[in-house]
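One structure is given here, and the rest of the page talks about it.
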Amino acid sequence: RALRTNRVKEEATSQTVSKAGEGIKALAAPTQSRDFGWLPDSLRPDPGSQLCERGKFTLLRDTRTDGSFLVHHFLSFYLRAGCKVCFVALLQSFSHYNIVAQKLGVSLAAAKERGQLVFLEGLRSCLDLLFGEEEEQPAQPSPLQFISGSASDLRALFDFVRTSLTPSDSDSWKGPVLLVDDLSVLLGLGAAPVAVLDFIHYCRVTVCSRLQGNIVVLVHSNEDSEDEENELVVNALCHHSDLILWAEGLATGFCKDVHGQIKIIKRLSLELTGEQDQVQIYQYKIQDKNVTFFARGLSAAVL
Amino acid sequence: MAAAPAPRGCGATSFQRKAAAGSRLAAVAGTRPSVRHGQLLLSSGLPSLDCVLGGGIAVGTLLLIEEDTYGLYSNLLFKYFLAEGVVCGHDLFVASAKEHPDNILKELPAPLLGDTYRNELREETTAVKSEEFQDAMKIAWRYQNLPKIETSPTTSTKFGHYYDVSKRMSPELFQSVKQHRFYLPEELSSQPEMKTWNMNSAYARLLQSIQRIIYQEGFDGSDPQKKQKTILRIGIQSLGSMMWGDDICSSDTPEDVHSLTKFLYVLRGLLRKSLSACIITVPAHLIQNKAIMERVTNLSDTVVGLESFIGSERETNPLYKDYHGLVHVHQIPRLNSLICDVSDTKDLAFRLKRKLFTIERLHLPPDLSDTVSRTSKQDLAEAAKLLSSGCGAMAIGKKHLDF
């Protein structure tokens, strides 16, 4: 653990010293790889290596912009790495994610076939729950049962996650991952903030501690938001996360070449070694098949 | 790409990409495929709005209009959407709690077909152009030959149609178009009690009605017999207002905060799995609890806000004398892609000319007064604030740069 923190410190100092140089170097050699171009190491570890972080909770947060590109990145990243993924996709349809994942080099349909991906399409599940026929009582209650009011907590959703990620004997995947897009929708559907936090807590115990997997969750937040329930959930999750990726729109408004800035916060203070959280800030531009990151003020349009 | 029924039947969503492009896509009248994300696009009835929204409204998505103060112009957009459906041969579903859908359908604007639109445009612009030809530029003569900047965004005209607001659409055009109606007072009296899923009962009935139409008419691809594919255009007027039995517009702490967002979520599911598109007008200016509007925006695909100058001090302001209000594009969806087509012009205004309603880039006239008076300086500052606010899909900046 000491080795890892030293390495991280080295990275931080070298970056502050030669930030400008690195930025220019990265831009001089544009990478066409699907894996998001020049990406800081904190976002691109190899899950197979010993330095890989397991049992971690990553929070994706967006303000004044759309942070769903991070969800697509993590989905294709974990699938490519051979992990078993349970994706709770509440906001968009399966084909939307499939088409974007194909651009990033992964086929969701194929992953579903071979059992690597368990996909909960929230929209379809909700329709089945509300408009499904009465005779077809499935063996398992619907994961989104709380919408129709028959339950007030998210226990059914948690049971779904637990059963999909608990490894069976025939599984050879590298480690379970839970991906949620996006948690703020649950509040709009009638779940109380406490119920949402309970759900996350149960998932953390099961997925992160017991199964040594990772969790990645997307939430929306706004600076002067009046949605107090949402702010409560976001703040609580921030305190418990090991890594926070915060995509913000630029404070000065819309720009064609810089779509926003991303703050990467490594919660080293949680490890109780007396260290401060490490914060890195980059700006990014989203393109059709990848996202390019660069140091602040060094976008290709400026240089 | 087009939502042809997949072999699996009900499993198909309208976002499935088709292997063979071209011939099968053109089978649905009034649509064209988008270059960006391969979805079918519909026209909203207003070609300038189509341009701003990145080509049109995608099939399977929801267009949310935040009403202006008196609902005049949002009603106009609502009627344009339905009128476009009639001209293209799409089916209509009109839901309203205040005005009877038959009255709404009677008042649709008449389409300007063929040369009549060009004549209209020419009338408007000949007055202006004749002066311009007279003064050739004397000082900035190098700029003489540069192309004139288009104030109103234009697209190739085959896709959208223009409408004459002063005339009514003739009933013959309606004959081939199926119209479904949902008038809340009638529905409440006729239907017996049905399950409401912990939601406002009016919304629950509306959802059941929409789902029934989609299923019975085969818009979700469940009926492979249906050869003639068409789109269902759903229009819901003044959702969230008191006429729907919801008190979010009248009270600061409403009883049921979740009904509207639950409704939008289920509607989103219905739209995604069928060949349909929906326009909803919401009286956002009446909703006290801003948290609800934030959640509503997150659950909608395209969000456009209208702000009219009626009753505000901008009505008499000489800076805005050409326009009747402002258009704010709050959100444009990212469909099947990491990016979306955001228009470059963020400052948009609308005006209702004699017969035509257009959305244009906001042009402030130059400030030619010798002494800059206080009132105009304040307006310029407000205008600068407008210029720095951007589309929510990319970024919203609240601080304006003060030079």
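Here the protein sequences line up with chains A and B, keeping their order.
Anchor point for the first sequence: position 277 equals 277 in the numbering used here, and the numbering is continuous, going up by one each time.
If you want the numbering used here, it's the 1-based position in the second sequence plus 1000.
C-beta: ideal position from N, C-alpha, C; glycine also.
Here residue 1199 of chain B is buried. Its C-beta has 16 or more other C-beta atoms within 10 Å. Close to residue 184 of chain A, with beta-carbon spacing below 8 Å, are these residues of chain B in chain order: 1295 and 1298. Counting only runs of 3+ residues, the beta strand (DSSP E) found wholly inside the segment 1323-1351 of chain B occupies 1325-1331, in chain order. Following the DSSP letters along the chain, one finds residue 214 of chain A inside the beta strand (DSSP E) bounded by residues 214-220. Taking a Cβ-Cβ threshold of 7 Å, the residues of chain A close to residue 1269 of chain B are 123, 124, 126 and 127, in chain order. In this structure, DSSP gives residue 1305 of chain B an extended state, which the three-state scheme calls strand.
In the three-state scheme derived from DSSP, where H, G and I count as helix and E and B as strand, residue 240 of chain A is classed as helix. Using a CB distance cut-off of 7 Å, residue 153 of chain A does not count as an interface residue toward chain B.
Against chain A, the CB of residue 1103 of chain B has no partner CB under 7 Å away; the residue lies outside that interface. Annotation: the continuous beta strand (DSSP E) that includes residue 291 of chain A extends over 291-294. The three-state secondary structure of residue 1185 of chain B, taken from DSSP, is helix.
Within the same chain, Cβ atoms closer than 8 Å to the Cβ of residue 1348 of chain B are found at 1052, 1326, 1327, 1328, 1329, 1359, 1360, 1361 and 1362, the five residues on either side in sequence being excluded. Pairing residue 208 of chain A with residue 69 of chain A, the inter-Cα distance amounts to about 24 Å. It is roughly 19 Å from the alpha-carbon of residue 1032 of chain B to the alpha-carbon of residue 1221 of chain B.
Ranking A:87, A:290, A:119 and A:90 by CA distance to the CA of residue 104 of chain A puts A:290 first. When the alpha-carbon of residue 1309 of chain B is set against those of B:1204, B:1319 and B:1301, the nearest one is in B:1319.
Annotation: the segment 1190-1248 of chain B contains the following complete segments of the beta strand (DSSP E) (minimum length 3 residues), in chain order: 1232-1236. The bridge partners DSSP lists for residue 1355 of chain B come to none.
Inter-segment contact for the segment 1337-1352 of chain B and the segment 1054-1073 of chain B is present: three or more beta-carbon pairs are separated by less than 8 Å.
Using a Cβ-Cβ cut-off of 9 Å, residue 1052 of chain B is close to nothing in chain A; its nearest Cβ partner there is about 14 Å away. Residues 1137 of the same chain have their beta carbon placed closer than 7 Å to that of residue 1143 of chain B, with the five preceding and five following residues left out of the count. Residue state for residue 1180 of chain B is assigned as strand, using DSSP reduced to three classes. Of all residues in the segment 1346-1364 of chain B, only 1346 come within less than 8 Å of chain A when Cβ atoms are compared, listed by chain position.
Between the segment 1037-1045 of chain B and the segment 1244-1258 of chain B there are fewer than three inter-stretch CB-CB distances shorter than 8 Å, so the stretches are not counted as touching.
Counting along the chain, the unbroken alpha helix (DSSP H) around residue 103 of chain A starts and ends at 94-103. Around the beta-carbon of residue 296 of chain A, fewer than 16 other beta-carbon atoms lie within 10 Å, marking it exposed. Interface annotation, residue 73 of chain A: not in contact with chain B, CB-CB separation never under 7 Å. Sequence-ordered contacts of the segment 1045-1078 of chain B with chain A read 1060 [C-beta pairs closer than 9 Å]. With a cutoff of 7 Å on beta-carbon distance, residue 1174 of chain B and residue 1043 of chain B are scored as not near each other. In the structure shown, residue 1164 of chain B falls within a strand segment according to DSSP collapsed to helix, strand and coil. Between residue 1233 of chain B and residue 1085 of chain B, the gap from beta carbon to beta carbon is short of 7 Å. In the same chain as residue 1238 of chain B, and ignoring 5 residues on each side of it, the C-beta atoms closer than 8 Å to its own belong to 1067, 1071, 1096, 1097, 1098, 1244, 1281, 1282 and 1283, in chain order.
Linking residue 100 of chain A to residue 108 of chain A through their CA atoms gives a straight-line distance of about 10 Å.
Its chain contains 1261 as the residues whose beta carbon lies nearer than 6 Å to that of residue 1295 of chain B, once the 5 sequence neighbours on both sides are disregarded; these appear in chain order.
Among the CB atoms of chain A, none fall inside 7 Å of the CB of residue 1277 of chain B. DSSP lists A:176 as the beta-bridge partner residues of residue 84 of chain A.
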